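**Q**
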C-alpha cells in the first residue's frame, strides 16, 4: 500500500504536465498515454486538433473525408485544397461539402481512388488498410506495395516494413481511431520519400527528403533546435520585462500565437519557424527534445542535503539516497522568474517541489526550478471585480496572501495569472467557491500565479502511515498536504469518512468528516447544516450543586434576519472539541479571547434544547483601528467585506449592544476599531468571516480618527465647566506637535486612567472632542521587550546598540537590544520622519533624531513596520 516518497519525472512523463505551445499538453485524455507524443507532434504542426472541451478523444473513429484532409495537411497543401473547394469528382461528394477541396486534391494526386463506382464514401469509417494506402501513396511507396501484392495486403506489409504501423494494434479491416491515425502519420514523417526521376520512368529514394521536409518547404518553415532562454515573464541570466506572446531561443526573439510558453524555459527544443517580411521571426510549432532533456523532481521533505553543487535525495523507503550533480554555472528559476545570484538558501522550501533540468545530456543539471506553493482556500469569487476572497480552513493555515484576505486577479503590479495544474490558463469565472488553490509568487513579487485545485471527493480512511505522512483513502494512497512551514495541515485516523479536499499537488489538505477523530477538525461530531453563526451578548451563571449557565445569543437566521435567543448549557459541553463542565465554559471562552467572552460562535443543541457543543471562531486579526475604504468595502485595503461575510456593529461602550446593519453607515476614510474572526470548523458550507466593528452612535462621527497617530500624554487636566460640571482636558504630543484636546463624556472613564507617560490612540467627533481612547502602554515599561511584530501595534523597548545617521541627521537606522524569553535579541529599525520625544518620569518634551544615541533606553511604537514614535526614556 505504500508508495515512493519521491517522484522522478523523466521527460516522457514530465511533458504531459508541462504547458507546451501547440502540443497535446492541454488535451487531458491523451496525457500519459502512448498516443501523447504523436498527438503532440501533429497538434504542434496544426495537422490535427483537439475538441473545445480540452480532449482529443483518441478512441473515436475517423471517416474517409477526415483522413483525406489529414493527408493534404501533412503535405502542406491546404491552400491548394481551398482553391479546389466547390468542385467535385465523386458523385457522393457535393460541391459544398466541407472536405470537397481536400478530396478533389487527393484524388488528383492519385492518393485516393474511391470505390470504383463513382463514389468515395466520405462518411464511411476509414480502415487501417485504407489509411496505409493513402499514406504510402503520398510518400511514393505505392510501387513497393504493388510489388508485394497491391491493395490491401501489399500496403499493410510495406507500412509494417518501414515502421508506419508500429504500436498500432488494429487489423487491416478495422476502423482506424484518431489516436492510431496520429501514430501512423507521425511515423511516416521522417521516412525518405520515393520520387520519379524527371524525364524518366525511374523511381528512387530521395535521401533527406521526407514528408516533414516537404511540409516545411511548402509552408516556408525552417526546422531548428535550441534552448529557450526567455519567455513572456523572465529570461535566464538577464532581467527582462514581461511581454506577452514572445519566446527567445538561443538569443533569437520569436513571435508566437500563444501565451502559455513559460513551462519551456531552459529546455532544449525542436521547433519550426519562419522569417516574416518585416524582419521579425514567427514560431510555427515547438516541442521539447526527447533526447536532450532530462528532469528530476522531488518534494522538500525528501531532500537529505543540499550543497552548492548537488542535491542528495532520499529514494523509496528512505533507505538510500541519490545524488544529483549541478552544473558549474547552475541557474535558478523561482516561481516562474529567473533569480540572479541564487544559492542553497533559496532552494530550501517547505511546501512545493524542486525540479532539476539537464538540457544538454551531460548528466549535470543546468537549472534549478523552485516551485514554492502557499495552499489557500478560495472562499468566494467576485468575477466582476476579479477578486478571490480567501477563507481559513485549517489551524495550520492562514486566510491571507501578502497580508491581504483576497487576491486581486486584475492586478498588473504584481501581474496575477490563473492556471490549472498543467499550466493552462483558467478564467476567474471558472474557479469554484470553496475550492483549494495554490499560489506561487516570484522573489521580486512581480509575478503571482494562482493554480486551481482539484474537486473534493468522498471516501473513508483505510490506513494512516505516520512516518511517511500518507493515508490510504478507499485503497488509494495520498500524501498529506503541508503549509509553508512544513507542518501538516491536518491529521486523520482510520475510519474517518466524509469529504476530502486535495491541494494542487493532489495531497489531502482538508477534510469534512462525520465521525469523531483526533487532530484539527475533530470536534465536528456530526455534520450539522443548521448550525448558525451567533454573537455572545451576555452570560449568566447561578451557583449550586449543578450550576445553571445561560447564554444570550444574537443569532443570524437563514433568511438574513437576526434574533436574540437564550439557551441553557447542558451539564457537559464540548468547546472546540474539548469536553468540560458547563461552569468551566465561560472562563474557557474568555481565556481563549484575552478575557473577552463577547465573541462569535456556532452551537448545537441536544434533544432537550440545551447547548451541548460550541465552536468558537478564531480571532485572525486582533482589535485595532483600521481605515474603511468604501470603494472595495475593505478595512485598510486588506480585509474585504464580501456578501458572504457577517458584520456585527457593537457599541464601543457596551459590548452587549449590537446595532442593526441599517442603523450604521460606515464612512469612507474614517478609522474604526475592528476585530476579525474566521471559522475553524471544517463544515465548509457554513463558513463565514466575521467582522466586529465598534461604533459610537451617540457621538457624531465618533469613529473618525485623527490619522491614528499615537499620542504621548504629558498631563490630564480636570476643570469645571460654566454649568458647574467637571470635564477633562488632555495635553500631550501627537505627530511631533503639542496638542490640547477636550474629552467627550463617552471617553471620560478612560481619560481618568491616564497619567503622564501614557501612550494612546484616540478618535475625535465633529466638534474635535475625544470620543474614544485606546491605551497602548504606560512608560516606562518594567523591562526590555518586543511584541506584536509586523502588526499595527508593534512595540519594542530596549537599549540602543547603534544609531547610524544620514548626513543631516534627518533619519537613522537604530539597533535595539531587548529581551525575549530571558535571552538578549537585537532588531533594527529605520527612523525617517518619525517624531522623537524624551520622557524622564515626570516630564515629556519634543526631541530631535540627533539625540538618539547608543546606550539610550528607547521605546518604539511601530505600525506595519513603520516607526510612528520614538521615545527616549531617561
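In the UniProt record's numbering, the protein residues as written are 1 to 874. The C-beta atom is built at its ideal place from N, Cα and C for all residues, glycine as well. Just so you know, these numbers come straight off a predicted model, no measurement behind them.
Go ahead and pull the three-state DSSP assignment for residue 549.
**A** Working through the chain shown from its first residue, we reach residue 549 at position 549. If DSSP states are grouped into helix, strand and coil, residue 549 belongs with the strands.
**Q** Return the first residue and the last residue of the alpha helix (DSSP H) that residue 734 is part of.
**A** To locate residue 734, count along the chain shown from 1; it is residue 734. Here residue 734 belongs to no alpha helix (DSSP H); instead the beta strand (DSSP E) covers 726–734.
**Q** From residue 731 to residue 774, what distance separates their C-alpha atoms?
**A** The residue you call residue 731 lines up with position 731 of the chain shown. The residue you call residue 774 lines up with position 774 of the chain shown. Distance between the alpha carbons of residue 731 and residue 774: 16 Å.
**Q** Between 823, 236, 350 and 402, which has its C-alpha nearest residue 302's C-alpha?
**A** The count along the chain shown starts at 1 and reaches residue 302 at position 302. Selected option, being the one with the closest Cα: 350.
**Q** For residue 97 and residue 51, what's the separation of their Cα atoms in angstroms?
**A** Position 97 of the chain shown, counting from 1, holds the residue named residue 97. Position 51 of the chain shown, counting from 1, holds the residue named residue 51. Straight-line Cα distance between these residues: approximately 21 Å.
**Q** Name the two residues that bound the continuous beta strand (DSSP E) containing residue 158.
**A** Position 158 of the chain shown, counting from 1, holds the residue named residue 158. Not the beta strand (DSSP E): residue 158 falls in the alpha helix (DSSP H), residues 153–161.
**Q** If you draw a straight line from the C-alpha of residue 704 to the C-alpha of residue 736, how long is it?
**A** Taking the first residue of the chain shown as 1, we reach residue 704 at position 704. Taking the first residue of the chain shown as 1, we reach residue 736 at position 736. Its pLDDT being 47, under 50, residue 704 is placed unreliably in this model, and the value from its coordinates should be taken loosely. C-alpha separation (whole angstroms): 20 Å.
**Q** Using only the alpha-carbon positions, how far apart do residue 751 and residue 728 sit?
**A** Sequence index remark: in the chain shown, residue 751 carries index 751 (1-based). Sequence index remark: in the chain shown, residue 728 carries index 728 (1-based). Residue 751 and residue 728: Cα-Cα distance of roughly 7 Å.
**Q** When DSSP labels each residue in this structure, what does residue 498 get in the three-state scheme?
**A** Residue numbering aside, residue 498 sits at position 498 when the chain shown is read from its first letter. Of the three classes helix, strand and coil, the one that applies to residue 498 here is strand, per DSSP.
**Q** Among 587, 422 and 550, whose alpha-carbon lies nearest the alpha-carbon of residue 876?
**A** This structure cannot speak to residue 876, because the chain is shown only from 1 to 874.
**Q** Leaving out five residues on either side along the sequence, give the residues of the same chain with a beta carbon under 8 Å from the beta carbon of residue 125.
**A** The residue given as residue 125 occupies position 125 in the chain shown. For residue 125, where only same-chain residues beyond five positions count, the Cβ hits under 8 Å are 61, 62, 63, 64, 175 and 176.
**Q** Could you check if residue 556 is buried or exposed, using at least 16 other CB atoms within 10 Å of its CB as the buried criterion?
**A** As a working mapping, residue 556 is identified with position 556 in the chain shown. Buried: at least 16 other Cβ atoms inside 10 Å.
**Q** Quick one: what does DSSP say residue 39 is sitting in, helix, strand or coil?
**A** Your numbering for residue 39 matches position 39 in the chain shown. It is helical.
**Q** To which residues of the same chain is residue 402 closer than 8 Å at the C-beta, ignoring the five residues directly before and after it?
**A** Within the chain shown, residue 402 is the residue found at index 402, counting from 1. So the qualifying residues of the chain are 441 and 445.
**Q** Where residue 757 and residue 743 are concerned, what is the direct C-alpha to C-alpha distance, given to the nearest angstrom?
**A** As a working mapping, residue 757 is identified with position 757 in the chain shown. As a working mapping, residue 743 is identified with position 743 in the chain shown. Cα-Cα distance, rounded: 18 Å.
**Q** Given this structure, state the Cα-to-Cα distance separating residue 640 from residue 428, to the nearest angstrom.
**A** As a working mapping, residue 640 is identified with position 640 in the chain shown. As a working mapping, residue 428 is identified with position 428 in the chain shown. The alpha-carbon atoms of residue 640 and residue 428 are separated by roughly 18 Å.
**Q** Mark residue 15 as exposed unless 16 or more other C-beta atoms lie within 10 angstroms of its C-beta, in which case mark it buried.
**A** Locating residue 15 in the chain shown gives position 15, counting from the first residue. Because the pLDDT at residue 15 is just 30, under 50, the model does not fix this residue reliably, and the value given afterwards should be weighed accordingly. Per the 10 Å Cβ criterion, buried.
**Q** Helix, strand or coil: which one does DSSP assign to residue 347?
**A** Within the chain shown, numbered from 1, the residue matching residue 347 stands at position 347. Looking at residue 347 - three-state DSSP - the assignment turns out to be helix.
**Q** For the alpha helix (DSSP H) that contains residue 130, what are its first and last residues?
**A** As a position in the chain shown, residue 130 is number 130, starting the count at 1. Unbroken alpha helix (DSSP H) run through residue 130: 128–139.
**Q** For residue 72 versus residue 115, is the C-beta distance shorter than 9 Å?
**A** The residue you call residue 72 lines up with position 72 of the chain shown. The residue you call residue 115 lines up with position 115 of the chain shown. Not a contact, by the Cβ cut-off of 9 Å.
**Q** In its own chain, which residues sit with a C-beta less than 6 Å from the C-beta of residue 862, not counting the 5 before and 5 after it?
**A** For this step, residue 862 is matched to residue 862 along the chain shown. These residues qualify, in order along the chain: 794.
**Q** Let me know if residue 139 comes out buried or exposed under the rule of 16 or more other beta-carbons within 10 Å of its beta-carbon.
**A** Walking along the chain shown from the start, residue 139 turns up at place 139. So residue 139 ends up on the buried side.
**Q** Taking the continuous beta strand (DSSP E) assigned at residue 775, which residues delimit it?
**A** Within the chain shown, numbered from 1, the residue matching residue 775 stands at position 775. Run containing residue 775: 769–778, per the beta strand (DSSP E) assignment.
**Q** Between residue 42 and the rest of its own chain, which residues show a CB-CB distance below 7 Å, the 5 nearest in sequence each way excluded?
**A** By one-based count along the chain shown, residue 42 stands at place 42. Excluding positions up to five away in sequence, the list reads 48, 182, 185 and 186.
**Q** Applying the criterion that 16 or more other CB atoms from any shown protein chain within 10 Å of the CB defines a buried residue, is residue 324 buried or exposed?
**A** If you number the chain shown from 1, residue 324 lands on position 324. Burial call: buried.
**Q** Mind the definition here: the stretch 663–677 touches the stretch 625–635 only if three or more C-beta pairs lie below 8 Å; say whether that holds.
**A** With a cut-off of 8 Å, the stretch 625–635 and the stretch 663–677 count as touching, because enough Cβ pairs lie within range.
**Q** By DSSP's criteria, residue 624 is part of a beta bridge. Which residues make up the other side?
**A** Mapped onto the chain shown, residue 624 falls at position 624. BP columns for residue 624 point to 674.
**Q** First and last residue of the beta strand (DSSP E) that includes residue 511?
**A** Reading the chain shown from its first residue, position 511 is the one you call residue 511. Run containing residue 511: 508–513, per the beta strand (DSSP E) assignment.
**Q** Apart from the five residues just before and just after residue 233, which ones in its own chain have a Cβ nearer than 7 Å to its Cβ?
**A** For the purposes of this step, residue 233 is identified with residue 233 of the chain shown, where counting begins at 1. Hits under 7 Å: 242, 262, 336, 337 and 447.
**Q** Please list the terminal residues of the continuous beta strand (DSSP E) segment that includes residue 218.
**A** The residue given as residue 218 occupies position 218 in the chain shown. Not the beta strand (DSSP E): residue 218 falls in the alpha helix (DSSP H), residues 211–219.
**Q** Can you tell me where the beta strand (DSSP E) holding residue 367 begins and where it ends?
**A** Locating residue 367 in the chain shown gives position 367, where the first residue counts as 1. 365–372 is the span of the beta strand (DSSP E), which, as asked, contains residue 367.
**Q** Across the stretch 713–721 and the stretch 649–668, are there enough close Cβ pairs to call them in contact, namely three or more that are closer than 8 Å?
**A** No contact exists between the stretch 713–721 and the stretch 649–668.
**Q** If you reduce the DSSP assignment to three classes, tell me which class residue 79 lands in.
**A** By 1-based counting over the chain shown, the position of residue 79 is 79. The answer is helix: DSSP assigns residue 79 an H, G or I state.
**Q** I think residue 646 touches residue 734, with their Cβ atoms under 8 Å apart; what is that distance to the nearest whole Å?
**A** The residue labelled residue 646 in the question sits at position 646 within the chain shown. The residue labelled residue 734 in the question sits at position 734 within the chain shown. In fact, because the Cβ distance is near 35 Å, the residues do not count as touching under 8 Å.
**Q** Roughly how many angstroms lie between the CA atoms of residue 318 and residue 470, to the nearest whole one?
**A** Locating residue 318 in the chain shown gives position 318, where the first residue counts as 1. Locating residue 470 in the chain shown gives position 470, where the first residue counts as 1. For residue 318 and residue 470, the distance between alpha carbons rounds to 14 Å.
**Q** For the alpha helix (DSSP H) that residue 102 lies in, which residues bound it at each end?
**A** The residue given as residue 102 occupies position 102 in the chain shown. Start and end: 100–108.
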